[in-house]
Amino acid sequence: MTKILMVCLGNICRSPLAEGILRSKLSYDDFVIDSAGTASYHIGSHPDNRSITVGNKYGINISKLMGRQFSVRDFEDFDMIYAMDSANYRDILHLARTDEDKAKVKMILNEVYPDQNYDVPDPYHGGTHGFENVYKMLDEACDVIVEKLK
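Quick note on numbering: the UniProt record's numbering labels position 57 of the sequence shown as 57, and the sequence is numbered without any gaps.
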């Protein structure tokens, strides 16, 4: 079973969307998909309503997900860890204990644009249009991830 973790800052906008999108594309029998935030702001909170709305628009229900903070234990529990932006990436690597831990961490948009290290913009302080754009970016990246996992 392959275990994949999506990570953003607060775990209420980008990473829950990425989790929901990837879950919708992979078998529950073969994959575990989760999400977390590098910060503790939203532990126990449901995703932002705008993320829920854009997910629902595409048939993906993320409303029951609950925010949690990334921890060192996640290196043991997950095979692949996708960071939404460079700040998240650095924060995750800061907690890595070994080269094996570091090797698990990737920038999610590098799946679409290899070695470009593009950030998925944080839509939190913007309007609903930003959430739509983030959804499309993550959907494209998740399609590439699925193809690689086949």
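Here a beta-carbon is modelled for each residue, glycine too, at the ideal position from N, C-alpha and C. From a predicted model like this one, the values you see are computed outputs, not experimental measurements.
What are the boundary residues of the beta strand (DSSP E) that Val105 is part of? Locating residue 105 in the sequence shown gives position 105, counting from the first residue. Unbroken beta strand (DSSP E) run through Val105: 105-107.
Identify every run of the beta strand (DSSP E) within the UniProt domain "Phosphotyrosine protein phosphatase I" (2-148), keeping only runs that are complete inside it and at least 3 residues long; order them along the chain. 2-8, 31-37, 80-83, 105-107
Met55: which of Thr128, Arg73, Arg97 sits nearest, CA to CA? Translated into the one-based positions of the sequence shown, residue 55 becomes position 55. Note that residue 55 corresponds to Gly in the displayed sequence, not to Met. Of the listed residues, the one whose Cα sits closest to Gly55 is Thr128.
Just tell me which of Tyr41, Asp30, Pro123, Ser24 has its CA closest to the CA of Met84. Position 84 of the sequence shown holds residue 84. Checked all of Tyr41, Asp30, Pro123, Ser24; the closest Cα to Met84 is Pro123.
What does the Cβ neighbour count give for His94, buried or exposed, with the cut at 16 atoms within 10 Å? What you label residue 94 is simply residue 94 of the sequence shown in a count that begins at 1. It counts as exposed.
Apart from the five residues on each side of it in sequence, which residues of its chain come closer than 7 angstroms, Cβ to Cβ, to Gly44? In the sequence shown, counting from the first residue as 1, residue 44 sits at position 44. Here the set comprises Met66, Gly67.
Rounded separation between Val32 and Lys3 - CA only: On the sequence shown, position 32 is the one that residue 32 refers to. On the sequence shown, position 3 is the one that residue 3 refers to. So the two alpha carbons sit approximately 5 angstroms from each other.
Which whole-angstrom value describes the C-beta separation of Ala39 and Tyr82, a residue pair presumed to lie in contact below a C-beta threshold of 8 angstroms? In the sequence shown, residue 39 corresponds to position 39, counting from 1. In the sequence shown, residue 82 corresponds to position 82, counting from 1. Going by Cβ atoms, the distance from Ala39 to Tyr82 rounds to 17 angstroms, so no, they are not a contact pair.
Chain-order list of residues whose beta-carbon lies under 8 angstroms from that of Glu147 (same chain, five-residue window excluded): On the sequence shown, position 147 is the one that residue 147 refers to. There are no such residues.
What's the C-alpha gap between Tyr41 and Gln69? Translated into positions along the sequence shown, residue 41 becomes position 41. Translated into positions along the sequence shown, residue 69 becomes position 69. Those two C-alpha atoms are separated by around 9 angstroms.
On the criterion of 16 or more Cβ atoms from any shown chain inside 10 Å, does Val72 qualify as buried, or is it exposed? Walking along the sequence shown from the start, residue 72 turns up at place 72. Exposed, because fewer than 16 other Cβ atoms sit within 10 Å of the Cβ of Val72.
Quick check on the burial criterion: 16 or more other C-beta atoms within 10 angstroms. Buried or exposed for Gly20? Here residue 20 corresponds to residue number 20 of the sequence shown, with the count starting at 1. Buried, by the Cβ-count rule.
Given a cut-off of 8 angstroms, decide if Ala96 and Phe78 are closer than it, judged by their beta-carbon atoms. Indexing the sequence shown from 1 puts residue 78 at position 78. Indexing the sequence shown from 1 puts residue 96 at position 96. In this structure, Ala96 does not lie closer than 8 angstroms to Phe78 by Cβ.
Nearest-angstrom beta carbon gap, Leu5 and Asp34 [assumed within contact, 8 angstroms]: Taking the sequence shown and counting its residues from 1, the one referred to as residue 34 is at position 34. Taking the sequence shown and counting its residues from 1, the one referred to as residue 5 is at position 5. Contact holds; Cβ gap of about 5 angstroms.
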